[in-house]
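In this note's numbering, the protein residues as written are 69 to 711. Note that beta-carbon positions come from the ideal geometry of N, C-alpha and C, so glycine has one too. Quick caveat: nothing in here was measured; it's all calculated off a predicted structure. So the structure is just underneath, and the comments pick up after that.
Shown next, in the form of structure tokens:
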């Protein structure tokens, strides 16, 4: 894991190019505190900040091929590099180092951009091929590692984080109003959009090829599911469970490859518990686990964490995250997240990564991805219940099923059947709506746009972020089963756009900690996508096959416990007393007027509700955190806009 930066094109001198690289590297040093390098040749410059994990003594970058024609700056890991290296050796390639970066170089020499399909890893890289004067940018399948780009000073600039691009002379930070609308509807921007106007993100599973000034962006991998009319080969549950265990075991094994110790995040839920159990079987010196605890029973899972750590006989460490710590830690987290957020959940994870680093570790395994690929989220069950209720919209009993789905939301337990029917809108939407599964979430989130300023609303006009999302869906989306459609929306958009970024790479690498995700191994993803829906969501039992695969590895009590998604205290973290000093400044009428994004008087009233501990609705929580996080970015609305 590292940070990469560079440029291609332009008419500036080598000295000016070196200065640009130096500025970008300085902004990325937290990602790679173990070393850095830069190389300028012709109209291309590559830079690198290194977090040494594989090939500690011989993996410096940018790395140049034996004939000096190819140069690469690489961020991430290729977990199957051992097998690829042996295969390349049989084809006559010789290696100077033990690093996976050299495997990437040799694989490109052998197959060109087609080598990407051979990589089992999490990566983003820039490769310059002087032989045919091309630049190749590429990003991993699931979007674990970031890669941003912009046009500036007549050149294409790219980097692992937006702050490196903003470090260039003359660059300005302006919030993209349409991206903000996407975030306040969908929770994340739609790639290639980012929160900042003029700065783009290479989408997951995509590559960019630049030659002779022409730029081509295309997918090299796409998530897909079988047509709902397809009948999968008959297989017993036992066979499916056996294959899943084997795949997850190997996915975990190769993600333990490192020249430094590897630990694990342990939340107390099924996913991280299973990965920790598989890792504990494979490590030789015992597993170290890291967990978050909270004082509020609604958020805390410490009893389950202790039970699993005891089962593994693991060396367990934990961080108690108070509401005061969340409020105090939000500004630092936002400097790395670089995108407005609607929940405070990334802040405790930022503090947890700091603890990992304090303990002298650089790598942790986590359970992210399981809920998306094995249908673990309540949203998947909710969509099934909505369809069930929609068949009898006048029923007074069926709406009570929603209360069973969300036992951890006490406010929902007090609501009447009429309220539940209206809130979840069953019977009011067409079942063939491609966004059917997500409509309640989008409506609830979009309610926070009440606080947008009149100028911002005028700029947005009739723009519809949900319609924009629907227009980007693949051509075969309509042929998939309803569950697979819902899974695609989570896996292709929210997972890389929020979970793996704001809650993942940004807050982990802020502390020079690399996260690894066995559930996102391409073999596991392909296996899960090919499963029939009932193997994942059996009735209202989420992650059915994963729970069966965990038996014998994870305590039954953890396997069968009610789903408790990771959440953290939101607006209550800012209630008086103990309100952070920065709040009055960031949300002052002057600062709000300067940004031009939000309605000052309305925000003032919302802030008063928060300080009194009265912002209890989802809308108020999402709006307050969304507004505050946007203001903390310190960016402004664009002064002019072309629709």
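Do you know how far the Cα of residue j is from the Cα of residue i?
i: residue 115; j: residue 74; result: 6 Å
i: residue 710; j: residue 247; result: Low local confidence applies: a pLDDT of 33 at residue 710 is under 50, so the model's placement there is unreliable, with the coordinate-based value given in what follows. When rounded, the distance between both Cα atoms is 14 Å.
i: residue 80; j: residue 219; result: 14 Å
i: residue 691; j: residue 239; result: 29 Å
i: residue 255; j: residue 164; result: 45 Å
i: residue 99; j: residue 117; result: 7 Å
i: residue 177; j: residue 184; result: 12 Å
i: residue 736; j: residue 656; result: Any answer about residue 736 is impossible in this case: the structure gives the chain only from 69 up to 711.
i: residue 435; j: residue 518; result: 35 Å
i: residue 171; j: residue 191; result: 13 Å
i: residue 428; j: residue 134; result: 35 Å
i: residue 708; j: residue 507; result: The pLDDT assigned to residue 708 is 36, lower than 50, so where the model puts this residue is not dependable; a value taken from the coordinates is nonetheless given after this. Between residue 708 and residue 507, the C-alpha separation is close to 32 Å.
i: residue 241; j: residue 113; result: 23 Å
i: residue 328; j: residue 676; result: 49 Å
i: residue 685; j: residue 272; result: 34 Å
i: residue 276; j: residue 195; result: 11 Å
i: residue 442; j: residue 585; result: 14 Å
i: residue 289; j: residue 274; result: 7 Å
Give the C-beta separation of residue i and residue j to the nearest angstrom, bearing in mind that I take them to be a contact with Cβ-Cβ under 8 Å.
i: residue 359; j: residue 393; result: Going by Cβ atoms, the distance from residue 359 to residue 393 rounds to 15 Å, so no, they are not a contact pair.
i: residue 346; j: residue 320; result: 4 Å
i: residue 154; j: residue 168; result: That belief does not hold up - the Cβ atoms of residue 154 and residue 168 are roughly 13 Å apart, past 8 Å.
i: residue 694; j: residue 516; result: 6 Å
i: residue 644; j: residue 679; result: 5 Å
i: residue 559; j: residue 440; result: 4 Å
i: residue 636; j: residue 412; result: 5 Å
i: residue 455; j: residue 499; result: 6 Å
i: residue 447; j: residue 554; result: 7 Å
i: residue 96; j: residue 131; result: Going by Cβ atoms, the distance from residue 96 to residue 131 rounds to 17 Å, so no, they are not a contact pair.
How about residue i and residue j: are their beta carbons less than 8 Å apart?
i: residue 226; j: residue 215; result: yes
i: residue 261; j: residue 244; result: yes
i: residue 332; j: residue 343; result: yes
i: residue 148; j: residue 188; result: yes
i: residue 583; j: residue 576; result: yes
i: residue 661; j: residue 253; result: no
i: residue 505; j: residue 568; result: no
i: residue 336; j: residue 388; result: no
i: residue 230; j: residue 285; result: no
i: residue 407; j: residue 263; result: yes
i: residue 541; j: residue 502; result: yes
i: residue 757; j: residue 595; result: Residue 757 lies beyond the stretch modelled for the chain, which goes from 69 to 711, so this question has no answer here.
i: residue 104; j: residue 122; result: no
i: residue 315; j: residue 140; result: no
i: residue 580; j: residue 292; result: no
i: residue 137; j: residue 182; result: no
i: residue 715; j: residue 207; result: Any question about residue 715 goes unanswered here, given that the chain covers just 69 to 711.
i: residue 563; j: residue 437; result: yes
i: residue 213; j: residue 573; result: yes
i: residue 603; j: residue 612; result: yes
i: residue 414; j: residue 700; result: no
i: residue 641; j: residue 395; result: yes
i: residue 338; j: residue 614; result: yes
i: residue 621; j: residue 524; result: no
Since residue i is in the alpha helix (DSSP H), which residue starts that stretch and which ends it?
i: residue 151; result: 149 to 158
i: residue 76; result: Where residue 76 is concerned, there is no enclosing alpha helix (DSSP H), although the beta strand (DSSP E) it sits in stretches over 70 to 77.
i: residue 513; result: 507 to 514
i: residue 574; result: 574 to 577
i: residue 526; result: 522 to 528
i: residue 692; result: 686 to 700
i: residue 177; result: 168 to 179
i: residue 669; result: 668 to 679
i: residue 91; result: 82 to 95
i: residue 624; result: 624 to 627
i: residue 550; result: 550 to 557
i: residue 195; result: First-last for residue 195: 189 to 197, but that is the beta strand (DSSP E), not the alpha helix (DSSP H).
If you follow the beta strand (DSSP E) that residue i is part of, which residue opens it and which one closes it?
i: residue 662; result: No beta strand (DSSP E) contains residue 662, which is instead part of the alpha helix (DSSP H) from 657 to 663.
i: residue 161; result: Taken as a continuous stretch (DSSP letters only), residue 161 belongs to no beta strand (DSSP E), as it is neither H nor E.
i: residue 60; result: The displayed coordinates of the chain run from 69 to 711. Any statement about residue 60 would go beyond what the structure contains.
i: residue 138; result: 138 to 146
i: residue 119; result: Taken as a continuous stretch (DSSP letters only), residue 119 belongs to no beta strand (DSSP E), as it is neither H nor E.
i: residue 501; result: Per DSSP, residue 501 belongs to no beta strand (DSSP E) and is neither H nor E.
Got a sec: is the Cβ-Cβ distance from residue i to anything in chain B below 8 Å?
i: residue 580; result: Reference to chain B is not applicable here, since this structure consists of a single protein chain.
| query | If you scan the segment 351 to 393 from start to end, which runs of the beta strand (DSSP E) of 3 or more residues do you find wholly inside it? | reply | 356 to 361, 383 to 388
What are the start and end residues of each continuous alpha helix (DSSP H) run of 4 or more residues lying completely inside the segment 201 to 270, in chain order?
230 to 234, 245 to 254
**Prompt:** Which ranges would you report for the beta strand (DSSP E) in the segment 591 to 620 if only whole runs of at least 3 residues count?
**Reply:** Runs found: none.
Self-check item: Contiguous alpha helix (DSSP H) assignments of at least 4 residues, all confined to the segment 310 to 348
Solution: none
Q) Could you give the uninterrupted runs of the beta strand (DSSP E) lying entirely in the segment 396 to 455, keeping only those of 3 residues or more? A) 431 to 433
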